[in-house]
Every structure is written in structure tokens, then in C-alpha cells.
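Chains as they are written, first to last, in our numbering: chain G, 34 to 205; chain W, 34 to 205.
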């Protein structure tokens, strides 16, 4: 039993996966099963980094917010992001606005509809060394995504290595 | 001459237009010529209300931010917005992201490109009584829009009377 526990810790350490208790979020919320991240409290009050529209299967409007460390780093333009950085991505259904279209006189207005999910990137260069120093989390209606889904996060972010694995640029 | 000045003040008062010095923004910045509004300092640090995509002639991605009074009112859901509310609308060019599309494997990603302009709605029920209690401003690269353009703001916002002339709903 002792050997199994040792092996589990060794594997987790090599993989850079956190077995420890999560360091973010409210204690009564579920943690991300792969990186141990909870929903950071107060994230909805964070400042705006940028906005985007993902068409295709996503079909969302999204806002990317950052905690103070993230915003400071973006504005100073000095990469890599330091430990403690958290970037939040909020996505809502891409929804035509009948109300706005009436005023514009044409179907041109798309607004944020119901929330789809929220994602977080948490920088901890030691804890998440195996994934570029970043831990990834996704929550749908407060529930974390499963480990299998979360394993794909870093694969998609790897091409953005030159910008410390972050795709979003700061919008002035 | 005295009579002309009196008439101007009288007309401005009836129209609810401010002739006084602007109350917001940095002193070295130009004021909106119709409502006397300057760019509110620190507005880029305000919290997010929602996001949108205006297609058509606008072709922008936009974020709507609010000062503390605006955010509090939105979250409490109690209209009308009190005096002191400021709502900011930031618009950037709707721009395909080659970098993101490579990762998605399809042309689906649109991000905030160069800034187009910023707009503000400032609530002052006395000062702006003739326009629903709101003053309107628009700045392109720091320069205010002319009075003729600003006169059209309230006409478009009038249909949203039920939501205190504000179109944007809060995105959770």
C-alpha cells in the first residue's frame, strides 16, 4: 500500500499534476479533477483583457478577464506571466437580439445569451511544470469538466508557446 | 449680445444640454460638444456588463463596462439607474484570427482588432432631463464626435425606455 501511494505521488509529480488541495475558489465548490483548481472567488469582478466570437461548433461570444497579476503583465507586455496569474474565459451563447435589430433596422446584432461555461488558466510554474506552467479548468454551471477533457487543454495551447501558451491579446 | 447669450442659455436649459464645464475625465482631454462629457478616467478598469457583435456597417466586437454604480444597479436589477451611473461601450474591429484558426483547424475565430471608438452614457437626471436623464458621448482616438452625430444617440435609445434607455443586459 505504501509502495502504491509512493508510485502515485511519483507519477503525479512527473506529470506535474497536483494531488494537493486546491488553492483557489470557495471551499464548498468542486475542484477541477486534473489540476485541482476551483472557481476563483470574485473572478466576475476582474478587469477585461479582450473579447472574441468563436463561430463553428462553439458558437459563442466570450470575454477574457484577468486577475490583477494578469492585467499588470499584459499592460507591461513582459512575458512570461508570473506565478499567481489567473486568466478567465467566460462564454455565452451567440444570440441574435431582436430588440437591437429593430433599432438598427436589420438583423445585425448578436449578444451574450445564456452562459455556456467558464474556463481558467492558473500559472504555477512548479505545480504545473509539465503543462507549460499552467493549470487548466473548465466549469459548466459550477461543475468541473472531467480529467479526460482537461488533458486536451494544453495540447491546443502548445502552439501559442511564444506568448506563454496564451492566445488572447490585450484589447486597448 | 446680452439677449443672445440669454437665449442660448435658455434654449440649452430647455433642451437639457450642459453648457457648464464637464464633470468627468482628465482636464487635458476634449469634451463632448453636446453633453460636455470627457473620457472618464480609469474607465478601462471598470467591470464587465456584457459583450456583443454588431455585424453590418459596424462590423465590430464590443464590450460594455460599467462604473461601480452601474454594476451595482445591474446586479440588483433595480431600475432606473441612479445619477452617477456611467456605462462605457468599447468597440474593436471584428477581425479573423489566423493564429486561432490554425489551432481550431477551421476559420471560426474572430477577435478584437484595432479600436474603433468608445461611447459613454452618463446618468444625470437633471442635467440631461431632455434626453431621458442620459448624456451621450463618443470618442475616436481621443477625439469627441460632433454635436450633430451626438444628437442622434437618444433617438436610437428611446425604444429601450422600459430598461431606462439602456440596451445591454447583464451577462452572468
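Using N, Cα and C, we set each Cβ at its ideal position, and we do this for glycine too.
Beta-carbon spacing of residue i, residue j below 8 Å
| i | j | result |
| --- | --- | --- |
| residue 169(G) | residue 154(G) | yes |
| residue 87(W) | residue 175(W) | no |
| residue 79(W) | residue 67(W) | no |
| residue 126(G) | residue 145(W) | no |
| residue 89(G) | residue 77(W) | no |
| residue 192(G) | residue 184(W) | no |
| residue 20(W) | residue 96(G) | The requested residue 20(W) is not part of the displayed model; chain W covers only 34 to 205. |
Of the residues the options, the one placed nearest residue i, counting alpha carbons only
| i | options | result |
| --- | --- | --- |
| residue 120(W) | 163(W), 74(W) and 63(W) | 74(W) |
| residue 114(G) | 165(G), 178(G), 205(G) and 192(G) | 165(G) |
| residue 69(W) | 204(W), 192(W) and 178(W) | 178(W) |
| residue 103(G) | 156(G), 180(G), 125(G) and 161(G) | 156(G) |
| residue 142(G) | 84(W), 137(W) and 144(W) | 84(W) |
| residue 186(W) | 192(G), 137(G), 128(G) and 89(G) | 137(G) |
| residue 118(G) | 184(G), 134(G), 192(G) and 82(G) | 82(G) |
| residue 122(G) | 191(G), 196(G), 184(G) and 72(G) | 72(G) |
| residue 158(G) | 197(G), 128(G) and 130(G) | 197(G) |
| residue 116(G) | 190(G), 101(G) and 124(G) | 101(G) |
Counted within 10 angstroms of its Cβ, other Cβ atoms place residue i as buried (16 or more) or exposed
| i | result |
| --- | --- |
| residue 106(W) | buried |
| residue 182(G) | exposed |
| residue 188(G) | exposed |
| residue 112(W) | exposed |
| residue 194(G) | exposed |
| residue 65(W) | buried |
| residue 160(G) | buried |
| residue 163(W) | exposed |
| residue 40(G) | Here residue 40(G) scores only 42 on pLDDT, less than 50, and its place in the model is too uncertain to base an answer on. |
| residue 58(W) | Below a pLDDT of 50, predicted positions are generally treated as unreliable, and residue 58(W), at 48, falls in that range; the measurement from the model is reported next regardless. So residue 58(W) counts as buried. |
| residue 190(G) | buried |
For residue j and residue i, believed in contact at Cβ under 8 Å, the rounded distance
| i | j | result |
| --- | --- | --- |
| residue 93(G) | residue 151(G) | Incorrect: roughly 11 Å between the Cβ atoms, too far for contact. |
| residue 200(W) | residue 109(G) | Rounded, the Cβ-Cβ distance is 35 Å, inconsistent with contact. |
| task | Quick one: which residues of the segment 183-198 of chain W get their C-beta closer than 7 Å to a C-beta of chain G? List them in chain order. | result | Cβ contacts with chain G: 189 and 192.
| said: Against chain G, which members of the segment 126-155 of chain W pass a CB distance test of less than 9 Å? | reply: 127, 130, 132, 133, 135, 136, 137, 139, 140, 141, 142, 143, 144, 145, 146, 147 and 148
| request: Name, going along the chain, the residues of the segment 62-83 of chain W whose beta-carbon falls closer than 7 Å to a beta-carbon of chain G. | output: So the close ones are 78, 80, 81 and 83.
| said: Under 7 Å, CB to CB, which of the residues in the segment 98-112 of chain W have a partner in chain G? | reply: Here the close residues are 98.
| request: Give the residues from the segment 169-183 of chain W that approach chain G closer than 8 Å (Cβ to any Cβ), ordered along the chain. | output: none
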